[in-house]
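Encoded as structure tokens, the structure appears first; notes follow it.
Residue numbers (my numbering): -13 to 277.
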């Protein structure tokens, strides 16, 4: 594994783009439900990447297609819905901080299912990060949004899926280029998401009756183009160039951006939160120490 300037530049790019994704989700939720937002994000990304999927699928062995379908579902299919639903009840900065648990679960899943090794220091890191996440969930409460503990757990479930996705990509799809991986991932989930968005949800009616919906659509489009299509290619490239664990470290840099956006948007952020956030980031740092 060689980590140079290009790899660090990609990590910073992902930090800025994905760290801003939570405020974009918040803006999208001003007009759409969590389910509609998740589906719309997938559909836009699917439409952008479809030409690449069409030209590349013929070169993929049949035996590998199931892994594209699996990674599509757990890496890009379910998490957008979980984040959309969760952020209807929690602040955007909290979603960004909890997303930092991804490297932790990347290690846990790697050890449990992919023969990765862990040291005592890594185990301590896992325990510290989990304690910090539990403390933050219990201390953060926005009366306007309701009790966020249950909905914060939806974000945690999404990070588990992200972690599993990265391990599968590194284990089973390492021979494919990043654009092939990303485009076929979204090709596997794009049609069901399109059917739901236009036939089962209230998206069309909202677009026709709510002038604000077009503004929210624009925010979701930015999220899909930069936060999904482009960033997923960069992220898969980073996994190929380094490791699933290094690529996942972007998630503990993202809280810096998500917290800044949250404060700028008027979200209540107390100094006491820093204790729990510091505990999470320390735990994730120890989790990511070389074993």
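Glycine included, every Cβ here is placed at the ideal spot set by N, Cα and C.
None of the values given here were measured: they were computed from a predicted structure.
Problem - Nonlocal neighbours in the same chain, by C-beta distance under 7 Å from residue 143, ignoring five residues either side - result: 68
Practice task
Compute every distance between the C-beta of residue 221 and the non-hydrogen atoms of the ligand MN, then say whether any falls below 7 Å.
Solution key: For the structure depicted, the ligand MN is absent and the ligand set is empty, with no information on it obtainable.
Exercise for the section: Keeping to the same chain, check which residues put their C-beta closer than 6 Å to that of residue 227; ignore five residues upstream and five downstream. Expected result: These residues qualify, in order along the chain: -7.
Problem - Proximity to residue 75 [Cα-Cα], best of 113, 93, 136 - result: By alpha-carbon distance to residue 75, the top candidate from 113, 93, 136 is 136.
Exercise for the section: Can you tell me which of the three DSSP states residue 15 falls into? Expected result: Under the three-state reduction of DSSP output, residue 15 falls in the coil class, being neither helix nor strand.
Exercise for the section: Within the same chain, show all residues whose beta-carbon is closer than 7 Å to that of residue 100, passing over the 5 residues directly before and after it, in chain order. Expected result: These residues qualify, in order along the chain: 153, 157.
Problem - Cβ distance (whole Å) where residue 88 is taken to contact residue 39 below 8 Å - result: With a Cβ gap of about 25 Å, residue 88 and residue 39 do not count as contacting.
Practice task
Tell me whether the beta-carbon of residue 240 lies closer than 8 Å to the beta-carbon of residue 63.
Solution key: no
Handout entry: Collapsed DSSP secondary structure at residue 101 in the structure displayed
Key = If DSSP states are grouped into helix, strand and coil, residue 101 belongs with coil.
Handout entry: Reduced DSSP category for residue 253 - H, G, I as helix; E, B as strand; rest coil
Key = For residue 253, the three-state secondary structure derived from DSSP is coil.
Practice task
Leaving out five residues on either side along the sequence, give the residues of the same chain with a beta carbon under 6 Å from the beta carbon of residue 238.
Solution key: 86, 267, 270
Practice task
List the endpoints of the continuous alpha helix (DSSP H) containing residue 50.
Solution key: First-last of the alpha helix (DSSP H) with residue 50: 48 to 57.
Exercise for the section: Select from 7, 60, 15, 4 the residue whose C-alpha is nearest the C-alpha of residue 174. Expected result: 60
Practice task
List the endpoints of the continuous alpha helix (DSSP H) containing residue 67.
Solution key: Under the DSSP assignment, residue 67 falls in the alpha helix (DSSP H) whose first and last residues are 65 to 72.
Handout entry: 7 Å Cβ shell around residue 221 - same chain, five flanking residues per side excluded
Key = 0, 233
Exercise for the section: Starting from the N-terminal side, write out each stretch of the beta strand (DSSP E) that is 3 residues or longer and does not extend beyond the stretch 136 to 204. Expected result: none
Problem - Which listed residue (275, 18, -10) has its alpha carbon closest to that of residue 200 - result: Here the closest residue by C-alpha is 18.
Problem - residue 76 - DSSP class collapsed to helix/strand/coil - result: coil
Practice task
Could you tell me how far apart the beta carbons of residue 170 and residue 29 are, in whole angstroms, since I believe they sit closer than 8 Å?
Solution key: Not a contact, Cβ separation roughly 16 Å.
Exercise for the section: Answer yes if the stretch 207 to 221 comes into contact with the stretch 2 to 14, meaning at least three C-beta pairs across the two stretches below 8 Å, and no otherwise. Expected result: yes
Handout entry: Where residue 228 falls: helix, strand or coil (DSSP)
Key = coil
Problem - Buried versus exposed, by CB contacts within 10 Å (16 or more), residue 161 - result: exposed
Exercise for the section: Would you identify the three-state DSSP class for residue 62, choosing helix, strand or coil? Expected result: helix
Exercise for the section: Could you check the C-alpha separation between residue 204 and residue 252 for me, to the nearest Å? Expected result: 22 Å
Problem - residue -10 (DSSP reduced to helix, strand or coil) - result: Three-state DSSP puts residue -10 in coil, outside helix and strand.
Practice task
Can you have a look at residue 124 and say buried or exposed, based on whether 16 or more other CB atoms are within 10 angstroms of its CB?
Solution key: exposed
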